[in-house]
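> Have a look at the structure that comes next, please.
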Amino acid sequence: MTLELELGELATEIAREAGALARARRRDGVRLAATKTTLADIVTDADREVEALIRERLRAARPDDGFLGEESGAEPGASGITWVVDPIDGTVNYAYGIPAYNVSIAAVQGEPDPETWVALAAAVNAPALGEIFTAARGHGAWLEGSRLAVTEETPAGALLGTGFGYDPATHEGDLATVARVMPMARDLRRMGAAALDLAYVAAGRLDGYFERGLRPWDHAAGALLITEAGGCVSRVDVESTRPMLVAGGRDVHARLLDILDPKH
Ligand code: LIP
């Protein structure tokens, strides 16, 4: 078995267990543990408990790997592999009882820097929706037993996903970006969970996706799903505090870049 497949199996197994825990805690009732960058940027007890479970399982299975998690930060490893984890992506959805949330786990090779890492394996588990999306580099992207493929043609315009940050001061600029993109769109979806948006692009449920300000754990797994499903993912304005992520099939990705990064 290749390293990519081995890492993919481990990511999938842990994402399933972590998703079950997240769902159980949601049924028990969610408690707000803290706020982070703004009042809207919340973390629940479940976020922390799920990340602790993932970290414990990874440490037991691959003690020399590094870890980069949304809630517990970074821990370097000696193996050259780092696990990039969002324990509950779509935290606000989760807190409100909206089922569009997921556990996102990716294994990357090299420095844990999205500009340089090579993603090797991914699992995005949406437990309340009963779906887990997986990928191993060079082995395709899958939804259970079905192989994923991005869309290639959008005769009626592109169905696009996007999102907005937790800082209200960024909303005006992000809405102006939406206005610039809408002429190429048939419609827009704002699901509130980046990894799910990316998984849906890989599955052909969205034609493309763009969002400014995502953190590495938001997109590490979903980006591999898309490239293994034949799509393209780019990050622009990477020097800014809010890089823009652009994803889609080849044509939609190129058209989004023409609008969002004219100098590219
Ligand atoms: C969220 C993303 C979402 C974005 C939110 C937030 P979290 O991640 O999944 O796409 O619009 O601002 O970043 O905080 O739920 O892990």
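Just so you know, our numbering puts the end of the sequence shown at 245, numbered straight through with nothing missing. Think of the CB as a built atom: it goes at the ideal place given N, C-alpha and C, for glycine as much as any other residue.
#1: Tell me whether the beta-carbon of ILE69 lies closer than 7 Å to the beta-carbon of TYR75.
#2: Roughly how far, in whole angstroms, is the beta-carbon of ALA109 from the beta-carbon of ARG4, given that I think they are within contact range, below 8 Å?
#3: Bridge partners for ARG216 per DSSP, in chain order?
#4: For VAL162, which residues from the same chain have a beta carbon less than 6 Å from its beta carbon, with the 5 sequence-adjacent residues on both sides left out?
#5: Once you ignore the five residues that flank LEU39 on each side, which residues in its own chain have a CB closer than 6 Å to its CB?
#6: What residue does the beta strand (DSSP E) around ILE86 start on, and which one ends it?
#7: Taking C-alpha atoms, which residue in GLY58, PHE48, GLY71 lies nearest to ILE23?
#8: Give a single yes or no on whether THR143 has its beta carbon closer than 6 Å to a heavy atom of the ligand LIP.
#9: If you draw a straight line from the alpha carbon of ALA41 to that of GLY47, how long is it in whole angstroms?
#10: For LEU195, which beta-bridge partners are listed by DSSP?
#11: Just checking, does the segment 46 to 61 make contact with the segment 187 to 202 on the three C-beta pairs under 8 Å criterion?
#12: Can you have a look at SER215 and say buried or exposed, based on whether 16 or more other CB atoms are within 10 angstroms of its CB?
#13: Just to check my reading of the structure: ASN83 and ALA107 have Cβ atoms closer than 8 Å, yes? What is that Cβ distance to the nearest angstrom?
#14: Got a sec, what are the start and stop residues for the alpha helix (DSSP H) ALA180 sits in?
#15: Considering only C-alpha positions, which residue in the set VAL31, HIS152, LEU20, THR158 is nearest to ARG6?
#16: Could you check what DSSP says for GLU112 in three-state terms: helix, strand or coil?
#17: For ARG320 versus LEU101, is the C-beta distance shorter than 7 Å?
#18: Buried or exposed for MET(-18), going by 16 or more other Cβ atoms inside 10 Å?
#19: Do ILE62 and ILE35 have their C-beta atoms closer together than 7 Å?
#20: Return the chain-ordered list of same chain residues with a C-beta closer than 6 Å to the C-beta of HIS245, the five sequence neighbours on each side being excluded.
#21: Taking the beta strand (DSSP E) that GLU56 falls in, what are its first and last residues?
#22: Under three-state DSSP, which class holds THR135?
#23: Go through the segment 139 to 170 residue by residue and report every complete run of the beta strand (DSSP E) that reaches 3 residues or more, in order.
#24: Shortest alpha-carbon distance to PHE191 belongs to which of ASP94, ALA14, ALA139, LEU(-14)?
#25: Cα separation between THR158 and ASP45?
#26: Taking the alpha-carbon of ARG43 as reference, which of LEU(-12), ALA103, VAL219 has the nearest alpha-carbon?
#27: Cα separation between ARG210 and ALA204?
Let's see:
#1: By 1-based counting over the sequence shown, the position of residue 69 is 88. By 1-based counting over the sequence shown, the position of residue 75 is 94. Result yes, Cβ atoms of ILE69 and TYR75 sit closer than 7 Å.
#2: Sequence index remark: in the sequence shown, residue 109 carries index 128 (1-based). Sequence index remark: in the sequence shown, residue 4 carries index 23 (1-based). So it is a contact: roughly 6 Å between Cβ atoms.
#3: The residue you call residue 216 lines up with position 235 of the sequence shown. Beta-bridge pairing links ARG216 to LEU226.
#4: Here residue 162 corresponds to residue number 181 of the sequence shown, with the count starting at 1. Non-local beta-carbon contacts of VAL162 in its own chain, meaning distances under 6 Å to residues more than five positions away in sequence, involve ILE240 in chain order.
#5: Here residue 39 is taken as the residue at index 58 of the sequence shown, counted from 1. So the qualifying residues of the chain are TRP64.
#6: One-based indexing of the sequence shown puts residue 86 at position 105. From DSSP, the beta strand (DSSP E) with ILE86 extends over 83 to 90.
#7: If you number the sequence shown from 1, residue 23 lands on position 42. Comparing Cα positions, the closest option is GLY71.
#8: Working through the sequence shown from its first residue, we reach residue 143 at position 162. For the ligand LIP, not one heavy atom lies less than 6 Å from the Cβ of THR143.
#9: For the purposes of this step, residue 41 is identified with residue 60 of the sequence shown, where counting begins at 1. For the purposes of this step, residue 47 is identified with residue 66 of the sequence shown, where counting begins at 1. Those two C-alpha atoms are separated by around 12 Å.
#10: What you label residue 195 is simply residue 214 of the sequence shown in a count that begins at 1. Note: LEU195 sits in no beta bridge, so no partner.
#11: Using a Cβ-Cβ distance cut-off of 8 Å, the segment 46 to 61 and the segment 187 to 202 are in contact, since at least three pairs of beta carbons, one from each stretch, lie closer than that value.
#12: The sequence position of residue 215 within the sequence shown is 234, counting from 1. Answer is buried; the Cβ neighbour count reaches 16.
#13: By one-based count along the sequence shown, residue 83 stands at place 102. By one-based count along the sequence shown, residue 107 stands at place 126. Rounded, the Cβ-Cβ distance is 4 Å, consistent with contact.
#14: The count along the sequence shown starts at 1 and reaches residue 180 at position 199. In the DSSP annotation of this structure, the continuous segment of the alpha helix (DSSP H) that includes ALA180 starts and ends at 175 to 183.
#15: By 1-based counting over the sequence shown, the position of residue 6 is 25. The shortest CA-to-CA distance from ARG6 to any of VAL31, HIS152, LEU20, THR158 is the one to VAL31.
#16: As a working note, residue 112 is residue 131 in the sequence shown. Three-state result, GLU112: strand.
#17: For the chain, the structure presents residues -18 to 245; residue 320 sits outside this window and is missing.
#18: Here residue -18 refers to the residue found at position 1 of the sequence shown. Burial call: exposed.
#19: What you label residue 62 is simply residue 81 of the sequence shown in a count that begins at 1. What you label residue 35 is simply residue 54 of the sequence shown in a count that begins at 1. Going by C-beta atoms, ILE62 is not nearer than 7 Å to ILE35.
#20: For the purposes of this step, residue 245 is taken as residue 264 along the sequence shown, with counting starting at 1. LEU238.
#21: Residue mapping note: residue 56 aligns to position 75 of the sequence shown, counting from 1. Counting along the chain, GLU56 sits inside the beta strand (DSSP E) bounded by residues 54 to 56.
#22: The residue you call residue 135 lines up with position 154 of the sequence shown. Residue state, collapsed to three classes: coil.
#23: Within the segment 139 to 170, the complete beta strand (DSSP E) runs of at least 3 residues are 139 to 143, 166 to 170.
#24: Counting from 1 along the sequence shown, the entry for residue 191 is found at position 210. Across the set ASP94, ALA14, ALA139, LEU(-14), the C-alpha of ALA139 shows the shortest separation from the C-alpha of PHE191.
#25: Here residue 158 refers to the residue found at position 177 of the sequence shown. Here residue 45 refers to the residue found at position 64 of the sequence shown. Going by the C-alpha atoms only, they are around 42 Å apart.
#26: Along the sequence shown, one-based indexing puts residue 43 at 62. Of the listed residues, the one whose Cα sits closest to ARG43 is LEU(-12).
#27: Within the sequence shown, the letter at position 229 stands for residue 210. Within the sequence shown, the letter at position 223 stands for residue 204. In the sequence as presented, Arg is not what sits at residue 210; that position holds Ala. Taking the straight line joining both Cα atoms gives about 10 Å.
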